[in-house]
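Counting along the sequence shown from 1, when you hit position 98 you're at 99 in this note's numbering, and nothing is skipped either side.
By construction, the Cβ of each residue, glycine as well, lies at the ideal position given by its N, Cα and C atoms.
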Amino acid sequence: MIETRKEIKDALRDVFPVASAIAPYSAVFGALAIDQGLSLTELLVTSASIYAVASQYVMLDLMLEGVALWSILLAVLAVNFRHVLYSAASVRWLDQFGPMQKALAFFLLVDPQYATCEARHTKTPITPTYYFTYAACVYIAWMIANLLGALFGPLLGDTSRFGLDLILPMFFAVLVFGFRQKPRFFAILSVSVASSLLVYFVLGSPWHITLGGVCGILTAAALSEGPQSKEVAHG
């Protein structure tokens with residue numbers, strides 16, 4: 002019981018800045034979606050079932066441009082392909098999860114969830130209690146902010162003046178540099194950023210998101226020390 006309380010406390014501590022960053026981003030999405038013609042029901046069902054921030058923005062942008070459905074699906078697939086990589090990498094720290102717990106965990110595996118758990122895994126095992134407490138807070142914050150944005154978004158006027166689009170990139174930059182002590186960090190980061198920029202200017206968005214990540218992963222694999230590289234042992 003004491004250990005469970007500690008896991009919940011740790012999750013609430015770690016998730017607070019994330020939920021605070023996601024809430025305004027989510028509210029803006031809710032306001033934009035309603036402003037562009039989605040009904041409140043469509044917005045909430047979309048957010049609850051897809052639950053993928055970046056791809057929902059991409060989907061909304063392409064819908065507004067009148068792009069064909071197959072193009073929208075392809076763009077969403079390109080943005081979300083990174084979750085295949087996340088799922089493969091997260092298997093290392095889901096060993097305490099049962100089959101149904103893993104299925105739910107993969108559904109809730111958004112960017113901040115993965116980054117936070119990856120960082121925590123270097124120090125302590127990821128338990129279902131920690132994971133789902135963290136995930137529930139992010140999910141609830143996303144849905145409530147969606148609803149508030151949809152209901153009260155028109156009162157905000159031009160939301161771009163708040164600079165809310167900078168919140169999540171800044172948050173992820175902090176998370177990324179939290180790994181700077183790891184071997185070959187700057188080499189992997191440099192390749193990932195350079196390839197992402199190249200793809201952005203050659204192929205355009207959203208392919209730079211996935212392909213930049215893939216190049217970083219391939220670089221990490223190429224520079225790996227092989228069998229000598231050990232996974233963090235938790236006592």
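Classification of W94 by the beta-carbon crowding that lies within 10 angstroms, buried from 16 upward
The residue given as residue 94 occupies position 93 in the sequence shown. The Cβ neighbour count for W94, taken over all protein chains shown within 10 Å, is at least 16; the residue is labelled buried.
My output table needs one value for L95: the three-state DSSP class, helix, strand or coil.
For the purposes of this step, residue 95 is identified with residue 94 of the sequence shown, where counting begins at 1. Here L95 sits in coil by DSSP.
Where does the unbroken alpha helix (DSSP H) through V111 begin, and where does it stop?
Within the sequence shown, numbered from 1, the residue matching residue 111 stands at position 110. For V111, no alpha helix (DSSP H) segment is defined, and its DSSP state is neither H nor E.
Cutting at 7 Å between CB atoms, please list the residues of its own chain near Y132, excluding the five before and the five after it.
Here residue 132 refers to the residue found at position 131 when the sequence shown is read from its first residue. The residues are A106 and C118.
Mapping DSSP to helix, strand and coil, what is S230?
Residue mapping note: residue 230 aligns to position 229 of the sequence shown, counting from 1. Only weak support exists for where S230 lies, its pLDDT of 47 falling under 50; the coordinates are left without a value.
For the pair the segment 130-147 and the segment 10-23, tell me if three or more CB-CB distances fall below 8 Å.
The segment 130-147 makes contact with the segment 10-23: 3 or more CB pairs, one atom from each, lie closer than 8 Å.
Buried or exposed: P228, going by 16 or more other Cβ atoms within 10 Å of its Cβ?
Here residue 228 refers to the residue found at position 227 of the sequence shown. In this predicted model, P228 has a pLDDT of only 47, less than 50, meaning its place in the structure is not dependable; the value taken from the coordinates is given anyway. So P228 ends up on the exposed side.
Whole angstroms is fine: what's the gap from V233's alpha carbon to L190's?
Residue numbering aside, residue 233 sits at position 232 when the sequence shown is read from its first letter. Residue numbering aside, residue 190 sits at position 189 when the sequence shown is read from its first letter. Annotation note: pLDDT 49 at V233 (below 50); position unreliable, no value reported.
Secondary structure at T125, three-state DSSP: helix, strand or coil?
Sequence index remark: in the sequence shown, residue 125 carries index 124 (1-based). In this structure, T125 counts as coil in the three-state DSSP scheme.
Rounded to the nearest angstrom, how far is the Cβ of I35 from that of L45, given a contact under 8 Å?
In the sequence shown, residue 35 corresponds to position 34, counting from 1. In the sequence shown, residue 45 corresponds to position 44, counting from 1. Between L45 and I35 the Cβ distance is about 11 Å, and since that is not below 8 Å, they are no contact.
Decide if P100 is buried, meaning its Cβ has at least 16 other Cβ atoms within 10 Å, or exposed.
Along the sequence shown, read from residue 1 onward, the residue named residue 100 stands at position 99. The residue in question, P100, is exposed, as its Cβ has fewer than 16 Cβ neighbours within 10 Å.
Among V92, P113, L148 and V177, nearest to T128 - alpha-carbon criterion:
As a first step, residue 128 must be located in the sequence shown, where it is residue number 127. Nearest C-alpha to T128: V92.
Going by DSSP in three states, G67 sits in which element: helix, strand or coil?
In the sequence shown, residue 67 corresponds to position 66, counting from 1. Here DSSP, grouped into helix, strand and coil, assigns G67 to coil.
Cβ pair G31, A151 closer than 9 Å
On the sequence shown, residue 31 is found 30 positions in, with the first residue counted as 1. On the sequence shown, residue 151 is found 150 positions in, with the first residue counted as 1. Cβ distance < 9 Å, so G31 and A151 count as in contact.
Check whether the Cβ of V194 lies closer than 9 Å to any Cβ atom in chain D.
Included in the structure is just one protein chain, with no chain D present.
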